[in-house]
Amino acid sequence: RWKAWLVSGGFLLTAGLGLLGTIRYDTDYWQIAVFMLVMGLGIGMMMQNLVLATQNQVAPADLGAASSVVTFFRSLGGAIGVSALGAVLGNRVTQYVKEGLADLGPEGAALGHGGTGGGGIPDLDTLPAPFRTVMEVAYGHGVADVFLFSAPAALVAFLLTLFIKEVALKSRAGNDDVAPAEVAGATESAEATT
7 RWKAWLVSGG FLLTAGLGLL GTIRYDTDYW QIAVFMLVMG LGIGMMMQNL VLATQNQVAP
67 ADLGAASSVV TFFRSLGGAI GVSALGAVLG NRVTQYVKEG LADLGPEGAA LGHGGTGGGG
127 IPDLDTLPAP FRTVMEVAYG HGVADVFLFS APAALVAFLL TLFIKEVALK SRAGNDDVAP
187 AEVAGATESA EATT
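What follows is the structure, encoded as structure tokens:
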């Protein structure tokens, strides 16, 4: 029985991403650790079991091809996800910085980009307290938004796992083509000839 692991993993992954979408810059570390544990359990339950389910469905001669296809699409999805979510993070952080500086009033808004001048990543240790808080809030909320935007993709994956047909795992290796009775018979006849 392996489908229960996939379904449980999909649920935990979706829940973990949703929970991580609620974090803020001042969220307690223990809460973030619990949310990460939930997400990590979900990923762990899904990743390898999907490979196992794929390998279970193909002929022994196609095991390498099936495994490489799963790995290829996992890598492709990861690359697309990192690109898209990196763009989301950059956009959201910029928006949160602008909002935070506007909240500081005209003097804060005139400094732009937390006082860096060129829009680079500021050194938080050198920023005055109000600007440091603006940057911490912007990145804290931006990272949470990345998790929140990832949750629907995990939900789709969870729903798709519900439709995967569970096929019992094979109980013998692909090279075990000969039935045990035939092996026993061949051994007896070889002993009789010697």
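Numbering (our numbering) for the sequence shown: 7 to 200. Glycine included, each C-beta is placed from N, C-alpha and C at the ideal position.
Taking the continuous alpha helix (DSSP H) assigned at ILE38, which residues delimit it? That run of the alpha helix (DSSP H) goes 35-63.
Please return the same chain residues whose Cβ sits closer than 8 Å to the Cβ of PHE164, not counting the five positions on each side in sequence. Result list for PHE164: VAL13, GLY16, PHE17, LEU19, THR20, in chain order.
First and last residue of the alpha helix (DSSP H) that includes ASP109? ASP109 -> alpha helix (DSSP H) spans 69-109.
The alpha helix (DSSP H) with THR132 in it runs from where to where? Careful: THR132 lies outside any alpha helix (DSSP H) and carries neither H nor E.
Given this structure, state the Cα-to-Cα distance separating GLY96 from LEU56, to the nearest angstrom. Those two C-alpha atoms are separated by around 32 Å.
LYS9: which of LEU23, MET51, ASP131, LEU25 sits nearest, CA to CA? Checked all of LEU23, MET51, ASP131, LEU25; the closest Cα to LYS9 is MET51.
Where the alpha helix (DSSP H) through LEU18 begins and ends: Where LEU18 is concerned, the enclosing alpha helix (DSSP H) stretches over 9-26.
How should ARG80 be labelled, buried or exposed, when 16 other C-beta atoms within 10 angstroms of its C-beta is the threshold for buried? Burial call: exposed.
Contacting residues, own chain, Cβ-Cβ under 7 Å from ALA144 (five flanking each side not counted): Excluding residues within five positions, the ones whose Cβ falls inside 7 Å are VAL99, TYR102, VAL103, GLY106.
Assess, as a yes-or-no matter, whether the stretch 70-80 is touched by the stretch 24-41 under the definition of 3 or more beta carbon pairs within less than 8 Å. The stretch 24-41 makes no contact with the stretch 70-80: fewer than 3 CB pairs, one atom from each, lie closer than 8 Å.
Three-state secondary structure (DSSP) at GLY120? Caution applies to GLY120, whose pLDDT of 48 falls short of 50 and renders its modelled position unreliable; the value that the coordinates give is listed next. Under the three-state reduction of DSSP, GLY120 is assigned to helix.
By how many angstroms is the C-alpha of HIS147 removed from the C-alpha of ILE29? Those two C-alpha atoms are separated by around 7 Å.
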